[in-house]
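*Asks:* Shown below is the structure under consideration.
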Amino acid sequence: MMTGQLEDNKLVLATLGVSIIFGGLTALDNVNFEMERDSITTLIGPNGAGKTTFFNCLTGIYKPTSGTINYYPTPEKLTSLIGLAPDRITTIGLARTFQNIRLFNNLTVLENILIACHSRMKAGLLGALFRDSKTRAEEKAMADYSYSLLEQYGLAKSANHLAKNLPYGDQRRLEIVRALATRPVILLLDEPAAGLNNQETKDLDAFIRLIRDKEKLSVLLIEHDMSLVMSVSEKVYVMEYGRVIASGPPEEIQKDPKVIKAYLGEE
Ligand SMILES: Nc1ncnc2c1ncn2[C@@H]1O[C@H](COP(=O)(O)OP(=O)(O)OP(=O)(O)O)[C@@H](O)[C@H]1O
Ligand SMILES: [Mg+2]
Numbered sequence: 010m011m012t013g014q015l016e017d018n019k020l021v022l023a024t025l026g027v028s029i030i031f032g033g034l035t036a037l038d039n040v041n042f043e044m045e046r047d048s049i050t051t052l053i054g055p056n057g058a059g060k061t062t063f064f065n066c067l068t069g070i071y072k073p074t075s076g077t078i079n080y081y082p083t084p085e086k087l088t089s090l091i092g093l094a095p096d097r098i099t100t101i102g103l104a105r106t107f108q109n110i111r112l113f114n115n116l117t118v119l120e121n122i123l124i125a126c127h128s129r130m131k132a133g134l135l136g137a138l139f140r141d142s143k144t145r146a147e148e149k150a151m152a153d154y155s156y157s158l159l160e161q162y163g164l165a166k167s168a169n170h171l172a173k174n175l176p177y178g179d180q181r182r183l184e185i186v187r188a189l190a191t192r193p194v195i196l197l198l199d200e201p202a203a204g205l206n207n208q209e210t211k212d213l214d215a216f217i218r219l220i221r222d223k224e225k226l227s228v229l230l231i232e233h234d235m236s237l238v239m240s241v242s243e244k245v246y247v248m249e250y251g252r253v254i255a256s257g258p259p260e261e262i263q264k265d266p267k268v269i270k271a272y273l274g275e276e
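Under the working numbering, the first residue of the sequence shown carries the number 10, and numbering increases by one thereafter.
Following this line, the structure appears as structure tokens:
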């Protein structure tokens with residue numbers, strides 16, 4: 010009965026009844042969520058609504074108390090993400106950034122990308138120790154690929170600078186490009202505009218679209234900047250107290266009385 014659904018499956022990710030309870034707190038309460046392949050989908054909601062917790066469930070950092078998470082790396086294939094370790098989830102196609110930038114500050118920009126590529130290397134530890142010809146070829150390919158990512162996304166001029174010396178906006182960009190190094194099917198961005206000024210936020214809008222189009226991937230965004238949310242998103246989910254209270258195209262979400270109340274209630 011599932012095969013018919015899978016054949017014309019437009020979804021890349023679908024959760025059903027995902028809940029997580031920390032002590033007495035229900036941080037996610039029965040979250041049903043669907044995301045179309047190659048789309049830009051955004052999660053909004055007041056502080057503490059459960060947005061980052063939802064990312065943590067998708068990426069294996071937390072295991073939901075109940076519910077299912079189905080991931081479709083291709084339209085024909087279904088993989089349950091429940092119980093998989095975070096590095097496994099990265100390898101099969103979900104890459105993320107964090108609300109607070111997590112770069113290797115004392116490594117160069119290029120080295121930050123190379124480290125992420127390593128998770129996909131085939132040669133393994135023995136190959137790395139003995140540096141056989143296969144490993145050397147793989148390392149060369151990885152370095153070329155890393156540099157080409159920096160070139161495509163405007164960071165090549167800083168390739169040899171220490172990450173900590175980049176302007177803040179470029180550090181945010183580098184974190185996103187590093188996530189691309191694992192060749193994700195879904196790119197998850199947790200508040201990428203945090204700390205950016207107006208111009209940098211506008212640039213980020215174009216940057217996210219460019220990545221989606223060039224890499225042919227799906228983007229799941231958590232964001233508080235409403236101008237960015239309304240312009241970049243194709244679908245918006247609104248969370249409050251761990252529940253999804255609304256979902257739909259941005260123009261509808263903007264007018265939804267439940268959404269307006271959730272935000273005004275915060276003031
Ligand atoms: N490991 C944990 N243990 C206990 N409580 C947690 C844990 N992780 C998250 N929470 C709680 O779950 C709730 C949701 O937090 P979460 O970080 O997901 O919110 P958020 O929507 O990302 O908020 P913000 O917009 O401020 O980033 C909060 O009340 C938080 O304190
Ligand atoms: Mg958060």
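The C-beta atom is built at its ideal place from N, Cα and C for all residues, glycine as well. These figures come from a predicted structure and were not determined experimentally.
Hey, is the segment 142-149 in contact with the segment 210-224, meaning 3+ C-beta pairs nearer than 8 Å?
*Replies:* As far as the Cβ criterion goes, the segment 142-149 does not touch the segment 210-224, which means the pair count is below three.
*Asks:* Can you tell me whether DSSP reads Gly-102 as helix, strand or coil?
*Replies:* Position 93 of the sequence shown, counted from the start, is the residue given in the question as residue 102. Reduced to three states, the DSSP call for Gly-102 is coil.
*Asks:* So, for Ala-58: in the same chain, excluding its five sequence neighbours on each side, which residues have a beta-carbon less than 6 Å away from its beta-carbon?
*Replies:* As a position in the sequence shown, residue 58 is number 49, starting the count at 1. Only Met-248, Glu-249 meet the Cβ criterion.
*Asks:* I'd like the span of the alpha helix (DSSP H) that includes Thr-210, first residue to last.
*Replies:* As a position in the sequence shown, residue 210 is number 201, starting the count at 1. Residues 207-224.
*Asks:* If you run the structure through DSSP and keep just helix, strand and coil, what is Gly-59?
*Replies:* The residue you call residue 59 lines up with position 50 of the sequence shown. Note: Gly-59 maps to coil in three-state DSSP.
*Asks:* Please name the residue, chosen from Ile-29, Pro-55, Phe-42, Arg-105, that lies closest to Lys-72 on a Cα-to-Cα basis.
*Replies:* For the purposes of this step, residue 72 is identified with residue 63 of the sequence shown, where counting begins at 1. Closest by alpha carbon: Ile-29.
*Asks:* Does the pairing of the segment 197-206 with the segment 225-236 give three or more beta-carbon distances under 8 Å?
*Replies:* Segments in contact, yes.
*Asks:* Contact defined as beta carbons within less than 8 Å: I believe Leu-183 pairs with Val-228. What is the distance between those atoms, to the nearest angstrom?
*Replies:* The residue labelled residue 183 in the question sits at position 174 within the sequence shown. The residue labelled residue 228 in the question sits at position 219 within the sequence shown. Leu-183 to Val-228, Cβ: 17 Å. No contact.
*Asks:* What's the gap between the Cα of Cys-126 and the Cα of Ser-155?
*Replies:* To locate residue 126, count along the sequence shown from 1; it is residue 117. To locate residue 155, count along the sequence shown from 1; it is residue 146. Near 8 Å, if we compare the C-alpha coordinates of Ser-155 and Cys-126.
*Asks:* Any heavy atom of ligand 1 closer than 7 Å to the Cβ of Leu-34?
*Replies:* Your numbering for residue 34 matches position 25 in the sequence shown. Yes.
*Asks:* CB-CB under 8 Å to Lys-60, same chain, minus the five flanking residues each way: which ones, in chain order?
*Replies:* As a position in the sequence shown, residue 60 is number 51, starting the count at 1. Hits under 8 Å: Leu-52, Ile-53, Gly-54, Asp-199, Ile-231, Met-248.
*Asks:* So, at 6 Å on beta carbons, what are the nonlocal neighbours of Lys-173 in its own chain, with the 5 sequence-adjacent residues on each side left out?
*Replies:* On the sequence shown, residue 173 is found 164 positions in, with the first residue counted as 1. Same-chain partners within the cutoff: Asn-114.
*Asks:* Let's test the definition: count the other Cβ atoms within 10 Å of the Cβ of Tyr-246 and tell me whether it reaches 16, buried, or not, exposed.
*Replies:* Taking the first residue of the sequence shown as 1, we reach residue 246 at position 237. Result: buried.
*Asks:* Is Ala-36 closer than 8 Å to Thr-62 when the C-beta atoms are compared?
*Replies:* Locating residue 62 in the sequence shown gives position 53, where the first residue counts as 1. Locating residue 36 in the sequence shown gives position 27, where the first residue counts as 1. Cβ atoms of Thr-62 and Ala-36: closer than 8 Å.
*Asks:* Quick check on DSSP: helix, strand or coil for Thr-24?
*Replies:* On the sequence shown, position 15 is the one that residue 24 refers to. Here Thr-24 sits in strand by DSSP.
*Asks:* For ligand 1, is there any heavy atom lying closer than 7 Å to the beta carbon of Asn-56?
*Replies:* As a first step, residue 56 must be located in the sequence shown, where it is residue number 47. It does: the Cβ of Asn-56 is within 7 Å (strictly closer) of some heavy atom of ligand 1.
*Asks:* When you compare each of Ser-157, Leu-164, Ala-190, Ser-75 to Thr-99 by their alpha carbons, which one comes out closest?
*Replies:* Working through the sequence shown from its first residue, we reach residue 99 at position 90. For Thr-99, the nearest C-alpha among the options comes from Ala-190.
*Asks:* Can you find the residues in the same chain that come closer than 8 Å, C-beta to C-beta, to Ala-238, ignoring five residues on each side of it along the sequence?
*Replies:* Taking the sequence shown and counting its residues from 1, one reaches residue 238 at position 229. Here residue 238 turns out to be Val, not Ala, going by the sequence shown. Only Thr-51, Ile-53, Leu-230, Glu-232, Val-245, Pro-259 meet the Cβ criterion.
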